[in-house]
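**Q** As given, the protein sequences belong to chains S, R, U and C, one line each in that order. At position 127 of the first sequence (counting the first as 1) the number is 127 in this note's numbering, and the numbers step up by one without a gap. At position 605 of the second sequence (counting the first as 1) the number is 605 in this note's numbering, and the numbers step up by one without a gap. At position 121 of the third sequence (counting the first as 1) the number is 121 in this note's numbering, and the numbers step up by one without a gap. At position 249 of the fourth sequence (counting the first as 1) the number is 249 in this note's numbering, and the numbers step up by one without a gap. Cβ coordinates follow ideal geometry from the N, Cα and C atoms, glycine included. Here the structure is a predicted model, which is why all the values come from computation and not from measurement. Please read through the structure below; I'll follow up with questions.
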Amino acid sequence: MTMGLGGLGPETDLLLSEPEGGVVYSEGSSFRLALRSFMENRLAIAGAVILVFFVLFSFVGPFVYHSNQSAGDLLQAHLPPRQGHPLGTDTSGFDELGRMMKGGQTALEIGLLSALIATVVGTLWGAIAGLAGGVVDGILMRIVDIGLSIPTLFIILILADRYNATVLSFALVIGLNQWLAPARLVRGEVLTLRVRDYVSAARAMGASRTRLISRHLIPNALGVVIVNVTFQIADAILYTSVVGFLGFGLNYPNVDWGDQLSDGVDQLLNGYWWLIYPVGACLILTVMAFNFIGDALRDAIDVRLRKR
Amino acid sequence: ASGSSGGTPKAAGSSGSSSQAPSNNTNTSTTVGAYGTLPAASGTPVKGGTITYPIINGSTPTYIMPILPGADSTVYNQQFEELLYRPLYWFDVGNRPVINYPLSIGKAPVYSDGDKTVTVTMNPNYKWTDGASVDAQDVLFWIDELRAAVHPVKTDAANFGNYTPGDFPDNVDKASAPSKFTFVLHLTHAYNPNWFTETQLNLITPLPSTTWAQDKAGGTQLDYTNPANAKKIANFLEAQSGKLSTYASNPLWKDVDGPFTLTKFDSGTDANTMTANPAYGGPQKPVFQTLQALYFASSTAQFDAVRAGKLDLGEVSSDNLPQVPIIKRLGYNVYGYPGLGFQYTVFNFQDKTNHWKNIVDQLYFRQAIAHLQDEDAIIKGVYGGAAAAAYGPVPAVPATAYVPSDASTNPYPYSIQTASQLLSSHGWKVVPGGTTTCIKPGSGAGECGAGIPAGQNLNFTDYYTNDPASAGLQTTQLASAAAQVGIKVTPVAKTFNFIVDQYDDPIAPSNNNKWQVEFYGGFTEGAYPTTDTIFNTGGSNNEGDYSNKQADKLINDSKFSSNPNAVQDEASYLTKNLPAVFDPNPDLIYAWKGISGPPDSFSNLTQYGFTPEYWYLTSGS
Amino acid sequence: MTNPASRLLDIDNLTTHIQLSSSVVHAVDGISLHLDAGETLGIVGESGCGKSMTGLSIMGLLPNGGRIVDGSIRFGDTELTTLSQAQLRKIRGNDIAMVFQDSATALNPTKKLGEQVAEPVRLHRGASHKEALDRAAEVLDLVGIPNSRERLNDYPHQLSGGLRQRVLIAMALVCEPKVLIADEPTTALDVTIQAQILSLLDRLKAELGMAVLLITHDMGVVAGRADRINVMYAGKIVEATDTRELFAHMHHPYTQALLASIPQLDQDNTVPLFSIPGLPPDLADPPPGCRFAPRCQLATDECRTNEPLLSNSSPAHRYACWHPVDGPVVREPVPALAREVRLANVEDGPPLLQITDLVREFQVGNPLLPFLSPGTVKAVSGVSLSVRAGETFGLVGESGCGKTTLGRLIVALERPDSGQLLLSGSNVGRFRGGELRRRRRDLQMMFQDPYASLDPRMRVGNILAEPLVIQGIGDRRSRRTRIAEMLGEVGLPPSSVDRFPHEFSGGQRQRIGLARALMLSPALIVADEPVSALDVSIRSQVLNLMKRLQAEHNLTYVVISHDLAVVKYLADRIGVMYLGRLVETGSGEDIYNHPAHPYTAGLLTAIPIPDPTIERSKDDVGVRGELPSPINPPSGCRFRTRCPRAEQRCADEVPELRSFGPGHLAACHFPLEAPVPETAAPAVA
Amino acid sequence: MTSYLIRRVASAVIVVLGVMAATFLMLHAVFPSPAKVVLGARTTPQAIAAFNRDNGFDRSVGAQFLTYVNHTIHGNFGYSYKLNQSVNSLFKENAGRSALLSGVSLVLAVVIAVPLGIAQAVKRNSLFDYVATGTSFTLYSMPIFFVSLLLIAILSLKLNWFPFEASQASTVIGVIKQPRSMVLPVVSLTIVSVASFSRYLRSSALDNLAQDYIKVARAKGLSERSVLYRHLVRNSSLPIITLVGLSLPDLLAGNLITEEVFNFHGLGLLFFAALGNEDYSILLAYTLVGGILVVLGNLVADIALSMTDPRIRLT
Ligand SMILES: Nc1ncnc2c1ncn2[C@@H]1O[C@H](COP(=O)(O)OP(=O)(O)OP(=O)(O)O)[C@@H](O)[C@H]1O
Ligand SMILES: Nc1ncnc2c1ncn2[C@@H]1O[C@H](COP(=O)(O)OP(=O)(O)OP(=O)(O)O)[C@@H](O)[C@H]1O
Ligand SMILES: [Mg+2]
Ligand SMILES: [Mg+2]
């Protein structure tokens, strides 16, 4: 309550005469609050570090470590680690380490892209449903239920057969499988937000619908959405591997961790460990990092909400 | 015996055993393309016992009656059904896809009257379970039932997978049985005898005319020569064959002339059990008692079983090759050899988008692509040596009577430069790693060719099957080579079925403009490897709509002329003219332990021949 | 002084700290107190001053990080601070029991009441399941829960707040403890229920002969119930003596200020409330010297440097202050406009706001399948009233009686199902779309929850600018200056514009809320419970502010509150609502001095007055029973179910509003006052 | 209650119909007709035309959909040309085994996750909590096929503790008779759900711990254990019910992959093969059954919750 205000390093206004309403202690924006509690979360830090590492690995790595990723040499296929090939070569004769960097780029791109697609679609959908309410809401949400009731793999495989696997189409396929969760989430959020007093206040001032949405609902729903994005990225990257496992991964010259891993897994019994464990580690660690971060973000935002 | 299937489509290697296999240096065999060694019969035969072999999800028996409808016309149904019902002619002698007379009910056919009449005399030793001997009537019965099945057109091929309108039985004017063990066919045209024997007569499987001529269970035997009755009978048999759960119990299927009888059938998984048929009249009666087909969800699962030593006979897929040493240590013999047929990367001669049609019409372009394909590297890197180079529809191995003399020389060996020169000498500005474009449009010499505008590029999409992995690796090889002469190849993985369903001009004309190149595998050929229906203009399996006067003529000769070398000529022409880029022919690899038998009875597996009756369990296993 | 023999609890120099990640909260700082058998000791103080922690320290139930760092708690002969948890458990709920503030979450939602009440019996008395349940039923009876037997199998959510609180008390009493610690037992309840609960506690105390430690922030509550009172401030006891002594001759300025800052029913509402500036200190680093010094008018440097001790005052009346006062503030008339003057500003002629037969009912259940819905909530049923420009109209009533809904109807946040709402002659209900949005500038609202009413993502600057932006008033610069002015007016530092809501205290937020409402200089402001979420000392600040601004800008308020005192202080005329109906309206005097409606009278009785003499003289709790369901309210007069005078007629016909003097209307068949003869009352106040 | 049921069932029906329509249309968009696949590559255009005629694949999509719905309503899930059997019989064959696998893993997941999550909450920010959190995150971040294959590689092929493939018995009883062979599939299917369940339980338990009634329970003199068992456990495990309902889709998906990897022939495997074969009727039937399961799952979950949690009144 009113206590504890100073709890976070008060920094009083420099006022000669204290105003009737009392002084105001500065704690910075709610963002700073969230950030602070985020920083207090060890797992979150771990996640951030891991993530940064793999971003650098994937995008900066190739400038440091050069390898020919355009022409594979079948006569050099699946060699174990050796001079010149610190992680050996894959079944097409590409240098595995370099491949992993390339794969990392794509995986992260796809993850981000599909998460964005899912989130944008889902958010709009959920927001519309939540705002419209009544029958529209009913219909939109039934559609979501339907989506949730169709086996994901079914959709993925159908779509994968229909569309050629490019980074974009891939992101689309996954994104379009993932928008349902955020849709539900955002709808719930909107339903609670739209009855908040400050929204009523804005209405009482004569705010238009669009203003209510753009200035109050969206900014306040954003936190939840952002948290969701991180989880979505994690899931998306996981999905790439499943799609790869089902044989619809990306093709030369593209590659991503997902299908590298699934290709590798075929080699599990052949003892080509260098095609499995390194890339497996990359994928799992990255996914985990995103989950850590998302989890921490959620708590952080809760903190902001709890802070009253 | 795959011969009789008249060529079933084959996913790149993926049919039955994904057929790729690297030969690590343990390849002691001298024959080209063979993998591993073929041990001589050894050990002391144990009487009785059980021999297990795998059936894999998607390639399990689903039909028992020897007139296989389209949906069930697979080599697996054939192998299954031929254990019970012997075909008139048995194919494959070891790994050679030729008629195996000792194992055939029919003796060599005699052609007369300008190749318009065929006379076949049958081996009298074969008996049905009820004691009746397998005779000419049984053949006529089959022919009548076949006619009933495909006429009046219901879904012709749906009722008989190997049916091609105009061919058997339409081309049989009259069939008669002058004596108990002799039948005569009067044909509508004069056919090339080899063609007729090896693609038509080979379809015949005598049926028990004295017990199956019913239209209901336990009904009276009808006069099947009356088409109406024949139809009733056909429908009845069809219906019965649809009830998988009754396979082991239905009296119909108890009446067999093969080396085995069916005793158990799990309609859930199609796993089944057969026992030796003492009444079998063939040269070799089984010495062991039980033949058991175990079901597996995937070839991976199947191989896991091999690794665990659970199977007497197993398949080895390309993915598993590095583990061959391991299973050898378990006591498995491993042998592989390419099956007769070819794999090819198909050009679509119809796609007009981006002027593709005009480009692919140019022989020099097809040659350039052929030069970009590195068969040796593929054989080594992808198949680890367990494949044979193949430059045309009739490769050097397996050896048949029809291998053309030039089969083992590659007219378009791997060479980036040659490819590059071919292009630049035809008016293209080759930009390695970039985009090669046409700078000399026009149809004259040294120009790109008719209908190819200046600035045109050579980019195209190459659809390949997502399974097995080798398909992707081969396509990647081509793509990365093409990149070096500025051709941007975009490989795209699809399911085998999607490709054969969508990217097949005769079947899906509406998709003519949707694809340029595809690689889904190829065809297992019959013993008589003409490419009739595959490369002749308007052929029902001419996926890319390749059309070439000369080719048409040669293919026609293979079917109708009496020229014994027609097929060779056809093959060597196509080899040079490139209706498609022909790919290496992967081995089918098998592993067996604890059992033995004459080498041929194992090597014929690679031709889809399945003669377990020759095997026996060796003591100590 | 009571003889030590009967002494139950003796706390000496109790010091409790709560370890946070970055700081240590000195929640309780060396307090000493004692509790004797049969007496009620009140602990009063503002929120956060350590009341609960004191209670929890005794129970040994401190939150994570909390521990007793010094002092002793003697229960009889046992020293509690050194007991093991196991030993403590034998005492907890058996000899010492505690009742918590929030009845909503204090009961396990998925356990039957019987089980929960019986639990301590089984635990401490080792009673069988059956015996325990019997005992539970017995106690539920005792705390006045009707047909307790059946209730045993009910779940908490099936009970109203009042009943739940009774159950909590039952749970505490089931083992007949010697000491009952009641932490804000009635804060979450309506006054009517509060009165019932408090008298219940009294009764039980007497019957069971136990001692009660009554923790509350409400002077009124302790005035009537406690024998002795300890006033806490910032973790310390600042004054402790017997009740009458305290109210008559308090010595500590804080006590004095606290009492003075509470609006009282008999208060002259032309005089601004006494108010304590600033906020209580942060217990993480309390100021040296006297902790009240920063807010104390009498404070000298001595106060700020060295700390006054309780001990060096007489044991009968202990206080910790260097400059003691004596007795309540003598309210020297502050220069303020006398009532007449104020009312002069109230224009006569047509009323600014004219409401007739306003009805609002809420559909409950699924809108898609109305036929399956249990019915509608009759939130507002045929309310008529009028407000003239410049005056303040107050709305009181129990929770759930429809105040907020009516308020939202007035500012057109809800649409009436029927009835008319005229704003200076034009029908608000008619307006749609843009027209409505333009007209809204005349109708603004101030919300109850200071935390929910400000967008957490906006800086105060933008929050205050928003109304102007929406209504397209002025340009950037003019807006900025306007905002600066307004902040000054509501007494906030100019730097506030760059701050986010969460950086402000509750009171400050209400100031912002008010400022926002004022930005458009609206014709009418509806203030919904403007102060009920605030602490006593803060409350008066805001009330004064509202009054001052009204005087300066001649504002028109509709003030909504469940606290009659607050309403009476602010309002010129008052409307009493009951279950969606307006049962009585009149001037503050009318309502307070001669209420006509039994409900009004009941409310008045129920309200605790911070004056021992008055409180003790009360013989009646006011209104008994609970508020009926608004979904199917009683026929006829809705109050009849709880009305002592109800007769058949009340069930049959709905009472009309009748006049009981100029502007004094009430809807009752058997009023407490004689209605003015000419009965044909105008339909509208 | 009844009105609630009516409402829920109504929307359930809508959803199921929606699922049918969606899957049907999607399939059609990609494979207008299975003819080529059914008749094999060596077939002729005429044959295909004939096939489409006979099996009605030449009719309008709408018409086909109606027949499909009609058949389904009459409990006829169609015929698998590829497997030469009616889908009904195929499902009868396989459903039991799938149910067994999924059921056991689900139960296991719950049985493990609930205590784990609550324990984590009670001992929050302890080493135990961190370790548990870390592990669950790791597992949660693994593709299920990867988990499965690791299990095979290590526990089966390396250490030879368990068989590499699931029981091949054709009857449920038969499967139950070979528990060792089911360990790996069940484990890998359980692992993933445990991870997500326990996370959820933890936060739910934390919320409940913050509630006053826990304080009250302590104030009664209850020992920590009994506070836990009598008050905390029940309330904080309630959400699991909803969770299970919601997790059905994932369970089905996981089931699909596990069956593939462990060669366990159930519905998932059937579906898997059908995908490759474009075996229409099976795909449709599977998605339909899946949809019904999910909808039903949620419905049952809500009702179950309303029975266990008195707060929730289904009006
Ligand atoms: N769980 C907790 N963790 C940290 N600090 C706490 C906790 N609970 C209370 N405090 C702090 O301890 C001090 C005293 O709290 P306490 O609850 O005793 O005040 P109170 O007088 O009961 O206030 P209220 O009237 O709001 O209940 C306050 O500064 C509060 O911020
Ligand atoms: N949006 C709504 N939907 C359904 N019922 C509602 C809604 N708003 C209010 N109610 C009901 O209408 C009745 C009156 O509510 P209202 O908030 O006006 O009462 P109140 O006097 O303001 O109560 P409080 O003093 O607790 O604020 C209550 O029973 C409430 O449950
Ligand atoms: Mg408290
Ligand atoms: Mg209200």
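Which residue from U:G289, U:P263, U:P294 and U:V271 puts its Cα closest to that of G278 of chain U?
**A** Among U:G289, U:P263, U:P294 and U:V271, the Cα nearest to that of G278 of chain U belongs to U:P294.
**Q** Of all the options U:R511, U:S103, U:P677 and U:Y599, which has the alpha carbon lying nearest to the alpha carbon of P644 of chain U?
**A** U:Y599
**Q** Does the beta carbon of P63 of chain U fall short of 8 Å from some heavy atom of ligand 2?
**A** no
**Q** So, with DSSP's three-state summary, where would you put N333 of chain R?
**A** In the displayed model, N333 of chain R falls within a strand according to three-state DSSP.
**Q** Can you check whether the C-beta of P253 of chain S is within less than 9 Å of a C-beta belonging to chain R?
**A** At least one beta carbon of chain R lies nearer than 9 Å to the beta carbon of P253 of chain S.
**Q** Between T60 of chain R and Y295 of chain R, is the Cβ-Cβ spacing less than 9 Å?
**A** Result yes, Cβ atoms of T60 of chain R and Y295 of chain R sit closer than 9 Å.
**Q** How many angstroms separate the CA atom of A169 of chain C from the CA atom of Q367 of chain R?
**A** Taking the CA atoms as reference points, A169 of chain C sits about 54 Å from Q367 of chain R.
**Q** Which residues in chain C sit within 7 Å of D102 of chain U, going by Cβ to Cβ distance?
**A** For a Cβ distance threshold of 7 Å, residue set D212 of chain C lies close to D102 of chain U, ordered along the chain.
**Q** Our contact map puts A481 of chain R next to F164 of chain C with C-beta atoms below 8 Å; I'd like the distance itself, whole angstroms only.
**A** Going by Cβ atoms, the distance from A481 of chain R to F164 of chain C rounds to 39 Å, so no, they are not a contact pair.
**Q** What residues of chain S sit near S102 of chain C, judged by a beta carbon separation below 9 Å?
**A** Ordered by position in chain S, no residue passes the 9 Å Cβ test against S102 of chain C, which lies about 13 Å from the chain.
**Q** When the Cβ atoms of the segment 81-92 of chain S are set against those of the segment 113-125 of chain S, are three or more pairs found closer than 8 Å?
**A** no
**Q** I'd like to know whether the C-beta of A234 of chain R is nearer than 9 Å to at least one C-beta of chain C.
**A** No, its Cβ sits nowhere closer than 9 Å to a Cβ of chain C.
**Q** With a threshold of 8 Å, establish whether the CB of T404 of chain U neighbours any heavy atom of ligand 2.
**A** yes
**Q** Which value, in whole angstroms, describes the spacing of the CA atoms of L124 of chain S and T192 of chain S?
**A** 16 Å
**Q** Thinking C-beta only, is M205 of chain S closer than 9 Å to P467 of chain U?
**A** yes
**Q** Between the beta-carbon of V16 of chain C and the beta-carbon of A109 of chain C, is there less than 9 Å?
**A** No, they are not a contact pair.
**Q** At the level of alpha carbons, what is the spacing between L524 of chain R and L88 of chain R?
**A** Residue 524 of chain R is actually Thr in this sequence, not Leu. So the two alpha carbons sit approximately 20 Å from each other.
**Q** Could you check what DSSP says for W274 of chain S in three-state terms: helix, strand or coil?
**A** helix
**Q** Can you give the Cα-Cα distance for G223 of chain S and V49 of chain S, rounded to whole angstroms?
**A** 22 Å
**Q** Looking at T437 of chain R and G455 of chain R, is the spacing between their C-beta atoms short of 9 Å?
**A** Closer than 9 Å, so yes.
**Q** Using beta-carbon positions only, say whether I146 of chain S and V30 of chain C come within less than 9 Å of one another.
**A** no
**Q** Would you mind reading off the limits of the alpha helix (DSSP H) that contains R539 of chain U?
**A** V536 to H553
**Q** Let me check understanding here. Comparing Cα to Cα, which of U:D154, U:L35, U:H217 and U:L283 lies closest to G209 of chain U?
**A** U:L35
**Q** Check whether the Cβ atoms of S408 of chain R and A377 of chain R lie closer than 9 Å to each other.
**A** no
**Q** By the 7 Å beta-carbon criterion, what residues does the segment 150-174 of chain S contribute toward chain R?
**A** D161, N164 and A165
**Q** Can we say the segment 121-134 of chain R touches the segment 196-214 of chain R, given the rule of at least three CB pairs closer than 8 Å?
**A** yes
**Q** Would you say the segment 58-71 of chain S touches the segment 93-100 of chain S, given that touching needs at least three Cβ pairs under 8 Å?
**A** yes
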